[in-house]
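Following numbering that gives the first Met the number 0, the numbering of the sequence shown begins with 0 at its first residue and continues without gaps. One structure below.
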Amino acid sequence: MSKFALEGLTEGLYYELKPFNIELRLVEQGGSSGNQFADKVVWNTDEKIKVYDELIAKVKHRMKSADRSELDDPQLIVEVIDKLATREINTFRNVVGDAGHALMKMRNSMPIEQYLETIAKANL
């Protein structure tokens, strides 16, 4: 959810800041190796908040069982950011790596309802 919120915020700010000669760009990846993200997540431990327990268990399972070979090399992200910073590329939305392109291809190939259902089944 936070990635989607950041994407919407960035798109909205793009229009607001462009008149001031400030341009924003999105770098969208499907996932990268080398960051140990799953090991750094801080999960809710408050015993009074139980409503998310089932969802958290599913997400933890998905993260532990994920095929690490499907993740992209972080260097791909670095290269795109470098090209954006040096204006070698100047596109707003920049999809990076095989995982990112596969996700975007799936998203663009079906109605939003079908995509959301597919993602929900695959991830949880």
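Using N, Cα and C, we set each Cβ at its ideal position, and we do this for glycine too. Computed from a prediction, not measured in an experiment: that's the story for all the values here.
#1: In the DSSP assignment, find the unbroken alpha helix (DSSP H) run with VAL95 in it and report its ends.
#2: Could you give the residue range of the beta strand (DSSP E) that holds LEU25?
#3: At the level of alpha carbons, what is the spacing between TYR13 and LEU23?
#4: Run the CB neighbour count on SER1, radius 10 Å, all protein chains shown included, and call it buried at 16 or more, exposed below.
#5: When the distance is taken between beta carbons, is LEU75 closer than 8 Å to GLY96?
#6: Within 10 angstroms of its Cβ, does LEU54 collect 16 or more other Cβ (buried), or is it exposed?
#7: Is the Cβ-Cβ distance between VAL94 and GLU27 less than 8 Å?
#8: My assumption, with CB atoms under 8 Å, is that GLU78 sits in contact with ALA98. Please give the rounded CB distance.
#9: Hey, quick one: how far does the alpha helix (DSSP H) through GLY11 stretch, first residue to last?
#10: Pull the bridge partners of ASP71 from the DSSP assignment, please.
#11: Could you work out which residue in GLU46, LYS17, LEU25 is closest to PHE91 when comparing CA atoms only?
Once the coordinates are examined:
#1: In the DSSP annotation of this structure, VAL95 is not part of any alpha helix (DSSP H); the continuous beta strand (DSSP E) holding it starts and ends at 92-95.
#2: Counting along the chain, the beta strand (DSSP E) containing LEU25 begins and ends at 25-28.
#3: In a straight line, the C-alpha of TYR13 is about 6 Å away from that of LEU23.
#4: With fewer than 16 other Cβ atoms within 10 Å, it is exposed.
#5: Closer than 8 Å, so yes.
#6: Under the 10 Å beta carbon count, LEU54 is surrounded by fewer than 16 other beta carbons and is classified as exposed.
#7: Yes. Within cutoff.
#8: In this structure GLU78 is not in contact with ALA98, their Cβ atoms being roughly 15 Å apart against a cut-off of 8 Å.
#9: Counting along the chain, the unbroken alpha helix (DSSP H) around GLY11 starts and ends at 1-16.
#10: In the DSSP assignment, ASP71 is bridged to SER31.
#11: Looking at GLU46, LYS17, LEU25, the one whose alpha-carbon comes closest to that of PHE91 is LEU25.
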